[in-house]
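Visitor: Numbering (UniProt numbering), first residue to last: 1 to 148.
By construction, the Cβ of each residue, glycine as well, lies at the ideal position given by its N, Cα and C atoms.
Please read these numbers as outputs of a predicted model, since none were measured by experiment.
If you scroll down you'll find the structure; I have some questions about it.
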């Protein structure tokens with residue numbers, strides 16, 4: 001999983017992708033209605049996990065590295081680190097192409113959801129957005145991240 005060179009993508013786009021992933025992972029209603037039914041437009045659990053780590057390489061190092069760029073402060077970075085570790089642990093146990101139910105039924109999933117929720121609420125609030133709005137579709141996310 002390689003990322004793009006650091007200078008090719010603005011930080012806010014990386015933040016939007018991380019936020020999108022955390023948002024989906026933090027929302028059990030979304031997971032039941034979208035991931036478990038396979039509704040199109042939102043990707044699957046694995047897509048969300050990759051969105052969390054593909055540009056940031058947070059599977060290799062701490063979110064601390066991005067304080068002042070992607071993350072506003074130490075608190076955001078710390079909460080994101082916890083969420084990433086919990087989610088990746090499950091990914092490694094269930095396998096990258098596992099169905100949604102393999103994640104959602106995993107005994108560690110509620111803890112991953114909780115950690116993602118804490119990070120999501122803090123980041124959404126810092127960006128002036130309602131943490132309880134439903135996750136954006138990937139199409140909307142793509143439009144949002146393309147327009148400066």
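Are residue 26 and residue 141 closer than 7 Å when you measure CB to CB?
Guide: No, these two residues do not count as a Cβ contact at 7 Å.
Visitor: Among 146, 58, 13, which one has its Cα closest to the Cα of residue 89?
Guide: For residue 89, the nearest C-alpha among the options comes from 58.
Visitor: Span of the alpha helix (DSSP H) holding residue 17?
Guide: Where residue 17 is concerned, the enclosing alpha helix (DSSP H) stretches over 11-25.
Visitor: Excluding the five sequence neighbours on either side, which residues of its own chain have a C-beta within less than 7 Å of the C-beta of residue 51, listed in chain order?
Guide: Closer than 7 Å at Cβ, skipping near neighbours: 17, 20, 21.
Visitor: Taking C-beta to C-beta, are residue 116 and residue 83 nearer than 7 Å?
Guide: Their beta carbons are under 7 Å apart, which means residue 116 touches residue 83 by this criterion.
Visitor: Excluding sequence positions up to five away, which residues of its chain have a Cβ less than 6 Å from the Cβ of residue 32?
Guide: Around residue 32: no qualifying Cβ.
Visitor: Rounded to whole angstroms, how far is the Cβ of residue 63 from the Cβ of residue 80, which I believe are closer than 8 Å?
Guide: Confirmed, Cβ separation roughly 4 Å.
Visitor: Give a yes or no on whether the C-beta atoms belonging to residue 34 and residue 87 are separated by under 7 Å.
Guide: No. Outside cutoff.
Visitor: Alpha carbons only, please: which of 55, 28, 61, 101 is nearest the one belonging to residue 85?
Guide: It is 61.
Visitor: Name, in chain order, the residues that DSSP records as bridge partners for residue 71.
Guide: DSSP, once it has assigned bridges, lists 67 as partnering residue 71.
Visitor: Checking 7 Å against the spacing of the C-beta atoms, do residue 131 and residue 121 come in under that value?
Guide: Cβ atoms of residue 131 and residue 121: closer than 7 Å.
Visitor: Sorted by chain position, which residues of the same chain lie with C-beta nearer than 7 Å to residue 13's C-beta, five sequence neighbours on each side aside?
Guide: If we look at residue 13 and ignore the five residues flanking it on each side, its Cβ neighbours are 145.
Visitor: What would DSSP say about residue 82, mapped onto helix, strand or coil?
Guide: Three-state result, residue 82: helix.
Visitor: Compare the C-beta of residue 20 against all C-beta atoms of chain B and say whether one is closer than 7 Å.
Guide: Checking the listed chains, one finds no chain B in this structure; it contains a single protein chain.
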